[in-house]
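If you read the sequences in order, they're chains A and B.
Using our numbering, read the first sequence as starting at 1 and increasing by one per residue.
Using our numbering, read the second sequence as starting at 151 and increasing by one per residue.
All remarks here apply to the structure that follows.
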Amino acid sequence: MNPSYPLSELCALVDFPVRTVRYYIQQGLVDRPDGETRSARYDQRHVDQLLLIKKWTAAGLSLDRIRDLLAGSDPQVPALARRPGSIQVVSHLHVADGVELLIEPGRAGMTPEQVRYLAQGVMSLFQQIQSAELPPATPTPNSTQREEKP
Amino acid sequence: MTHASCLTANREPLVLQSVNAHGRVAGRMLEMNVVQTFCNPLDANTEVVYTFPLPWGAVLLGLEAVLAGQTLSGQVVAKAQARHNYEDAVARGHSAVLLSVNKDGSHTVELGNLLARETCVIRLRYVQALSLAQGSLRLMLPTTLAPRYGNAVQDGGFDPHAAPQVSSTVAYPFGITLDIEGELAQARIHSPSHRLSQQLLSTPMSSNTSGESAGCDFIGERQGLTMRLTLASQAWLDRDLVVTFDALAHDSMGLAACDHLETNVGMGVVMAHFTPRLPDAQRSQRLPVCLKLLVDCSGSMSGDSIQSARSALLSILGGLDAGDRFSLSRFGSTVEHRCKALWKHAPTPLAAVRRWVQALQANLGGTEMNQAVLSTLALPIGQQTPCDVLLVTDGEIHAIDELLTTAQSSGHRFFVVGIGSAVAEGLLRQLAQRTGGSCEFVAPGEAVQPAILRLYHRLRSPLLGSLRVQWPDGIQPASLTGLPTYAFDGEDLTVFATIQSGAEPGSLLALQQPIRLLGKSQDAEAEQVLAEVTPAGLADHANTLARLTAHSRYVHQRQQVQDVDRCAAADEQLAALAQRYQLVTPDTSMVLVHERAEAERAHNMPELLQVKSMLQAGWGGTGSVHEPELRLYGRLPLHTLAYADTFSVSSVWRRSAATLAPDVLYFRSAFDAKPPAIPAFLRQTQDFDLPFDNELAAFEQVPPHHLTTAQDGSGMQTISPAGLAHWLSEHPPHQWPETYQGLAHIGLHARILEWLELGVAEGQSEREAQVVQAFLAVVQELVQRPPGEPFLWRMPRPGTETRALEIRSDILYVLLQADAADWPQAVWDYAETSPWELDEDFEIPPFPRLPPDGTRELTEFVLRSVDIKIQKLAGLGLRPHGNLLEYRQELEDQLAAGGPYAVRYNSGWF
C-alpha cells in the first residue's frame, strides 16, 4: 500500500510552506487530498506533482502554463519572431475618432460573418455609451448589503 | 431570502464589497481607520486573500474582525506561529484572519473559512508620521497596487498566494472622511486626485458619526477648528488619494510619553519632528547642480504618466542655470542616452534636449531599471562632483533589491519624481532615503512646478551632514533611530528615542526639556544648531508612542542586520521586539481565530477567492484620469505649458504644435524604438518627392555610399552627403527644399536638421531659408569636387550679407571634417560640450561651429584655407596676388606671436 501523509509531512517532504501547497491545491495544480480538513491524506502522486511544480517554477514558468502542462497539453513552442518580409494583415475597424478595433481574422480564427457581428456590436455599444448619461462604471453594491454593516 | 452580490462585467463574483476609511490629521500625525467589507458570494465555503497597500511609513496598530456577530481582535505573534495558528484553525473548520506584511511593504489579509454567503468586516487602524517639506505636506493614501514589471514571486518576494493580481473589469467603491485639525485646517488644502468637499466643524464633535472605532485616541481631544474632507463624488479603489496642504508655517515639534511596557524601569519615549533651518545667508546660497536625468519610458508610463513626465522634465530643464551640468537618458527594456557626457547649460544643448523631451514616448517596453541606472551611472562626469541622479518613473517594478544595492553603492544621491495615479511609493522612498536624496510625487494632471521648485531647493542648498541630537544634561538615550545621514533645509526629519529618564516611573518632566539637532553644513567647519524642540507630554494610555518608537527601532535594526550579517539570534531578538510591541513586521504577523460551534464548521478545504486589484486609473494609457474640477489654482493645458516654456521652437514643431502629434516624418524616424528597415526617404509615400525618383525601384539599388548609419543610437539608415548631392544633381535648383521640413522629406536625419536649426541657426526661425540654402550649396560643392582635390575656400560675391557668410562658414567648418559617405561626428553630437571643457581622457568632437573671432583655432583654420587657395592657383600655373601672400604672412605672424588674433576673412581679395 502506498504511504500516505498528513499535510504537514507532505510540506516537509517537498520543502514548501503549508500555505503554498494549499494554494496549489486551491488553484487546481495539485489534486485534492483523500479526505477533508484534518483527516486529509496525501500520497506519492501529490509529492510528484509538487516536485514538478517546483522544477517548473524555478525554470520561470508561470502557474497558468504549469496548469496547462499538468493537464497534459503539448508544451507549446513559442511563436516564431516575425521575419522581415513576412506579411501580416490586420484590419483596422474605425469605430470613432480615437477608437479603433484591430482584428487579425487569420489568427483570431474568425469568419467574415463573425467579424461583421463583432464590428456591429462594438459600434452599437460605442453609440450607446456616447448617447447615454454614463452610468457608474460598474454595478454598485446592493444597498441592502450596506445596511447590514455594523 | 435572496442574497445580494456584486458581479463584474464578466459575471465573476466580487468578494470585496467596499473599503471605507476615516482619518484624523493633527500635528504631524495621521491616524486612519479602514473598514474592509468582504462578502462570500458563493454557496461554498471560501478563503479570501487580499493584498493591499498602506502608505509608506504607516505603522499598523490594530485589526478587528466582525464575523458572525462577534468582534475579535488580532494578536501579533511570530510569523511561523501565526501561520500555524491560522492553518490549524482553517483545517479544523473554524475561521481565522491572518495579516502579514510583504517584502514591498504591502499587506496581505487572509480570511479563511468564510462560509457560504457570510459577511466579514475587517477594521484596520494605522498611524503615520507625516513629513512636512518646505511649508507643504502631501498626504498620499494608496488604494491599489498597479501592475509591476518582473516576477512577483522570484523578484518581488511575494508568497505565491499573496502575489497581487490586477483586473480591468472589477470595481470596488471607496469612501473616505478626513478630519483635519489644528493649524493644518487653515492651510490651503487641495486634492489633485479626487473631488473633495470641505466642511468646517467649529465645535468639538460630541460623538463619533462615521464609524470611528474606539482606538482613535492617540491624537487626543479635538481642539479648535476642524476641517472635514469628504468625497464629493463616487470614488473607486483605482488611484491614490492625494491631499496637499500648502502655505504652512511649520516648526519643529515633539511628543514625549512613558513606555507603559517598561514602567518599572521608568523608560520614556520621545518622538521629535525636527525642521532644520539654515541661517539666511546659507539658505539664499544656490549651488550649481550636476544632474543625470533618467526617465522611464516603459509601457506602463503610457498615457497620463508620460505626459506628466514630459512636463516634469521640461520644468526641470527650465530650472537649470548657468554653471549647471546635466545629462538626459531614457529607459525601458533598453536605455538610450541623449548625451554621451554631461552637457553644460547653454542654449543649443537645452534646445536639443527640450525637443527630445517633447518627443518622449512610452515605447521602450519593459522596465529594466537596474540596467538603466548602471548605464547612467557610467556616464563620465569628469571633475563634476557630487553628481546626482534624477529619476522620473512610476516605480512599478518587482526587482528592487539589486536596484537599491546599485544605488547605494554608487555614491550618487538619487532624487525621484514619482509619476502616476498609483505610484510605487515605497520603492521610490527607499531609493531616495538610502542614497541621501529625496522624492517628489506628481499625480496625473497635477501642476509639476511646486514639486520641481522643492526639488531644486534641495539640490541647490548646501548639504547638511554630521547630524546628531543634543540632549539636556543628565539624559542619555538608550536608543535613537530615524536620524538620516543628510538633512535638507526646511524639511522634517522624525527621530525616535527611548530614554531612561531616571525620574520616578510615570514622570515625564525630565523628557520635556529642549533637545537640539546639530549638524555641519557642507562648506562650514563649525557645528551649528539646526533645530530645537521641547517635546510636549502625552498621556498615551494605548502606548502608541512607545509602539511607534519600537517600530522605528525594529526597522533600523532590521536594516543593520541585513547590511551586516544575518544571524538567527538577531532574527529572534527582532521578532521578540515586534511581538512585545504588537507590530506587524517581516518577522511577525497578526492573527485571530474565531472558534465555531460544531454545527457551523466548514468541512472541506475552502475555495480560494483572490481579491484582484482594480487596474490603476489611466494605467498604460487605458483612458485618461479626468482632472478634478476643485482646483485652487489654474494651469495651462499641458502642451501650451510645454511650448510656452520652450526657448526655441522649430518651424517643424510649430506646424505640429496644434495637435502635438509627433507625426513629422523625420521625427518619427528618429524616435521609433525599432529602426525601420527602409529609411524614411525611401518609403513609398506620395506626400513628397522621393530623392531618387523612379530610378530606384528597390532598396538594393541605392549605392551603398548614398546611405549611412545614423549615430544617434538607433542604428537606422539615413541619406549620406553623397546621397544628398546625388539628389541635388538630379533636381533643378528651383525644386530644392527651402525648409528643414523639406530636407526631412528628402531623407535627412533629424539630428542633422537639429544641428542646422539649433546649432547653426541658433534656433532663430528667420534664418531657416538661409541656412538650408547654404547647407545644400556646401554639400554639393564638397561632394562634387574631383577626388583628391582640396576644397576651395570660396568666398561669396562682394556685397553678400555678413550673416550669410557666417552661416556658410559654420556649415563648411563642420562638413570639412567629413567624407562624402558619412556625416561628421560633430553633426551627430552637435550639442555635446566642447572637449577642452571636459576631462582629457574623454573624447568628444569639437563643437561644430566656426571658432569665434579672435581665437587661435580660427586663425589656423583660415591659414589652412589660404594655403589651399595658393596651392590651387599654383596648380593652374597662376601666381597668388601679393595681398594674399601678405595676408598669409599676417596670419603666420599672429600664430607665431601667440596673439592677438584678428582675421579679416571678408576683406574682398580673399
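Note that CB positions come from ideal geometry on N, CA and C, so glycine has one too.
Is it buried or exposed for residue i, if we count other Cβ within 10 angstroms and need 16 for buried?
{"i": "residue 344 of chain B", "result": "buried"}
{"i": "residue 292 of chain B", "result": "buried"}
{"i": "residue 165 of chain B", "result": "buried"}
{"i": "residue 1050 of chain B", "result": "exposed"}
{"i": "residue 762 of chain B", "result": "buried"}
{"i": "residue 200 of chain B", "result": "buried"}
{"i": "residue 454 of chain B", "result": "buried"}
{"i": "residue 776 of chain B", "result": "Only weak support is given to the placement of residue 776 of chain B: the predicted model assigns it a pLDDT of 48, under 50, and the question is left unresolved by the model."}
{"i": "residue 125 of chain A", "result": "exposed"}
{"i": "residue 11 of chain A", "result": "buried"}
{"i": "residue 237 of chain B", "result": "buried"}
{"i": "residue 33 of chain A", "result": "buried"}
{"i": "residue 28 of chain A", "result": "exposed"}
{"i": "residue 278 of chain B", "result": "buried"}
{"i": "residue 117 of chain A", "result": "exposed"}
{"i": "residue 1021 of chain B", "result": "exposed"}
In its own chain, which residues sit with a C-beta less than 6 Å from the C-beta of residue i, not counting the 5 before and 5 after it?
{"i": "residue 247 of chain B", "result": "215, 261, 742"}
{"i": "residue 765 of chain B", "result": "316, 318"}
{"i": "residue 912 of chain B", "result": "none"}
{"i": "residue 646 of chain B", "result": "421, 631, 632, 699, 702"}
{"i": "residue 268 of chain B", "result": "190"}
Of all the CB atoms in chain B, is at least one closer than 7 Å to the CB of residue i?
{"i": "residue 128 of chain A", "result": "no"}
{"i": "residue 67 of chain A", "result": "no"}
{"i": "residue 49 of chain A", "result": "no"}
{"i": "residue 5 of chain A", "result": "no"}
{"i": "residue 90 of chain A", "result": "no"}
{"i": "residue 20 of chain A", "result": "yes"}
{"i": "residue 26 of chain A", "result": "yes"}
{"i": "residue 117 of chain A", "result": "no"}
Just checking: is the beta-carbon of residue i within a distance shorter than 7 Å of some beta-carbon in chain A?
{"i": "residue 1027 of chain B", "result": "no"}
{"i": "residue 736 of chain B", "result": "no"}
{"i": "residue 552 of chain B", "result": "no"}
{"i": "residue 237 of chain B", "result": "yes"}
{"i": "residue 698 of chain B", "result": "no"}
{"i": "residue 310 of chain B", "result": "yes"}
{"i": "residue 357 of chain B", "result": "Because the pLDDT at residue 357 of chain B is just 41, under 50, the model does not fix this residue reliably, and the point stays unresolved."}
{"i": "residue 985 of chain B", "result": "With a pLDDT of only 37 at residue 985 of chain B, under the threshold of 50, the placement of this residue in the model should not be trusted; the figure read from the coordinates follows. No, no contact with chain A."}
Can you list, in chain order, the residues of its chain with a C-beta nearer than 7 Å to that of residue i? Leave out the 5 residues immediately preceding and following it.
{"i": "residue 503 of chain B", "result": "467, 478, 488"}
{"i": "residue 834 of chain B", "result": "Any reading at residue 834 of chain B is ruled out, since the residue's pLDDT is 37, under 50, leaving its predicted position unreliable."}
Whose C-beta lies closer than 8 Å to the C-beta of residue i among residues of the same chain, with five residues either side of it excluded?
{"i": "residue 7 of chain A", "result": "18, 21, 22, 33, 40, 42"}
Exercise. When Cβ atoms are compared, which residues of the segment 31-43 of chain A fall closer than 9 Å to chain B?
Worked result: 32, 33, 36, 37, 38, 40
Exercise. When Cβ atoms are compared, which residues of the segment 240-252 of chain B fall closer than 8 Å to chain A?
Worked result: 241, 242, 243
Problem set entry | Where the segment 745-762 of chain B meets chain A: residues whose CB sits under 9 Å from a CB there | 751, 752, 753, 754, 755, 756, 757, 758
For this session: Within the segment 154-240 of chain B, note down every full beta strand (DSSP E) run reaching 3 residues or more, in order along the chain.
Result: 166-176, 179-189, 196-202, 209-217, 220-223, 225-228
Exercise. Taking a cut of 7 Å between CB atoms, which residues from the segment 207-234 of chain B lie near chain A?
Worked result: 216, 233
For this session: List in chain order: all unbroken beta strand (DSSP E) runs of 3+ residues lying wholly within the segment 615-677 of chain B.
Result: 627-631, 643-650, 665-671
For this session: Run through the segment 999-1043 of chain B for me and flag every whole beta strand (DSSP E) of 3 or more residues, listed as ranges in chain order.
Result: none
For this session: Output the residue ranges of the alpha helix (DSSP H) runs that lie fully inside the segment 843-924 of chain B and measure 4 residues or longer, sorted by chain position.
Result: 871-880, 890-895, 900-904
Exercise. Considering only residues of the segment 435-504 of chain B, which uninterrupted alpha helix (DSSP H) runs meet the minimum length of 4 residues and lie entirely inside it, listed in chain order?
Worked result: 454-468
Exercise. Hey, which unbroken runs of the alpha helix (DSSP H) at 4 residues or more fall wholly within the segment 15-100 of chain A?
Worked result: 18-26, 44-58, 63-70
Exercise. Taking the runs of the alpha helix (DSSP H) that are 4 residues or longer, which of them lie wholly in the segment 540-595 of chain B?
Worked result: 551-558, 575-585
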